[in-house]
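Chemist: Below is a structure I'd like to ask you about.
Protein chains: 2
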Amino acid sequence: MSTKKYHQDCSPCPLAGALDVIGDHWTLLIIRDLMLMNRHEYKDMLEAWEGISTNILSNRLAKLTDSNLIASIAHPESKRRKLYYLTEEGKSLFPVIAEMTIWGFKRKENDFIPPHLKELLTGSRTKVEKAILKSLKDWEEKHLAVS
Amino acid sequence: MSTKKYHQDCSPCPLAGALDVIGDHWTLLIIRDLMLMNRHEYKDMLEAWEGISTNILSNRLAKLTDSNLIASIAHPESKRRKLYYLTEEGKSLFPVIAEMTIWGFKRKENDFIPPHLKELLTGSRTKVEKAILKSLKDWEEKHLAVS
DNA sequence: CCATCTACTTGCAAAACACAAGTAACTTGT
DNA sequence: ACAAGTTACTTGTGTTTTGCAAGTAGATGG
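Protein chains in written order, with our numbering: chain G, 1 to 147; chain B, 1001 to 1147.
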């Protein structure tokens, strides 16, 4: 048995540490689903375009939960379902998602860009970020029981 | 024989397309070396903290060259050495690197941050970006023969 | 000529991944 | 009440990617 090697065990560079958490092919797509695509359930994420496999999705959701980037509650309509959502730390990935999306878009202009992000290409980031954080807060108020 | 599955083959999302190119554990660290750490040779990159293995480095340099994010010339002092540098498209990754570095730094305040990026935490990004692009231009003027 | 240095390539074991097929805990329809 | 889903997973199997060690080819240096 050998343990996986993490950059942060040998590197003091914050970029390397970030890559340990979000530096794979799937993690940021899950964050995107939660942040921009309004997908909050396992089955919703399975149905995203990229076609993540079910074991990988399960694994990434667990890792993201361990890293405190996401959390979950039981679905109010059914105990077998779960609702996933971003923690504050997860939401703080917005600038990363935004810049990578812009970069990808400039590189190969696709026919799609997540609804909230369209404005990024022309307008101000803080404005877009504020709108997105607002929409996430609205979702939380609706779905997370406030004590 | 099956071909590797790329997100962009099935997804119109620019983030997914970007992840096909820079969504692994090593690629952005190589870009960082070229952009911020003044490492322009194979051996320099091997010696970075994270300890990339030689076959992976070779593979990533080839992929990055194919994707037109980096290019190389022969070292003026020795034919057996090469100098790698960022293309304009590679340099355009600055905002991505910057945001991921900031995110990583906030998450776990390390004792190190690449010299040029320190100012990011307090000051303006455009100013820092300008300074970095200037330093890359200086390097190019010194090492790339201008016709 | 012989040692060394640089940028790789090769071989192999270990880990991660994709895909298909379960499974357990519910819920839905009758 | 009970069979037929649904949902969120887990398990199994084969393929791909990675990590590590070793080797190679083409300079270069003494």
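Note that the Cβ used here is the ideal one computed from N, Cα and C, for glycine as well.
#1: If you draw a straight line from the C-alpha of Leu-1093 of chain B to the C-alpha of Ile-70 of chain G, how long is it?
#2: State the beta-bridge partners of Lys-82 of chain G as determined by DSSP.
#3: According to DSSP, is Leu-93 of chain G helix, strand or coil?
#4: Are the C-beta atoms of Pro-95 of chain G and some chain B residue less than 8 Å apart?
#5: Going along the stretch 1042-1076 of chain B in order, which residues come within less than 7 Å of chain G, judged by CB to CB distance?
#6: Alpha carbon to alpha carbon, what distance is there between Phe-1105 of chain B and Ser-1072 of chain B?
#7: From what residue to what residue does the alpha helix (DSSP H) around Arg-1039 of chain B run?
#8: Measuring alpha carbon to alpha carbon, tell me which of G:Arg-107, G:Asp-20 and G:Trp-49 ends up nearest Asp-33 of chain G.
#9: Going straight from the alpha carbon of Asn-1038 of chain B to that of Ile-1030 of chain B, what length do you get?
#10: When you compare only the Cα positions, how much space is there between Ile-113 of chain G and Glu-1077 of chain B?
#11: Which runs of the alpha helix (DSSP H) at least 4 residues long sit entirely within the stretch 1095-1144 of chain B? Give them in chain order.
#12: Here's a check: name, in chain order, each residue in its chain whose Cβ is nearer than 6 Å to the Cβ of Leu-1133 of chain B, leaving out the five neighbours to either side.
#13: What residues in the stretch 100-126 of chain G have a beta carbon less than 9 Å from any beta carbon of chain B?
#14: Rank B:Pro-1012, B:Leu-1064, B:Leu-1117 and B:Met-1100 by C-alpha distance to the C-alpha of Tyr-1085 of chain B and give the top, closest one.
#15: Which residues bound the alpha helix (DSSP H) around Asp-20 of chain G?
#16: Please name the residue, chosen from G:Pro-115, G:Val-96, G:Met-35 and G:His-75, that lies closest to Asp-138 of chain G on a Cα-to-Cα basis.
#17: For Leu-29 of chain G, name the three-state secondary structure that DSSP assigns.
#18: In the DSSP assignment, the alpha helix (DSSP H) including Asn-1068 of chain B goes from what residue to what residue?
Modeler: In short:
#1: 27 Å
#2: G:Ala-74
#3: coil
#4: yes
#5: Trp-1049, Glu-1050 and Gly-1051
#6: 31 Å
#7: That residue, Arg-1039 of chain B, is in no alpha helix (DSSP H); it is neither H nor E in DSSP.
#8: G:Trp-49
#9: 11 Å
#10: 47 Å
#11: 1125-1143
#12: none
#13: Met-100, Thr-101, Ile-102, Trp-103, Gly-104, Phe-105, Lys-106, Arg-107, Lys-108, Glu-109, Asn-110, Asp-111, Phe-112, Ile-113, Pro-114 and Leu-117
#14: B:Leu-1064
#15: 14-22
#16: G:Met-35
#17: helix
#18: Neither: Asn-1068 of chain B is in no alpha helix (DSSP H) and is coded neither H nor E.
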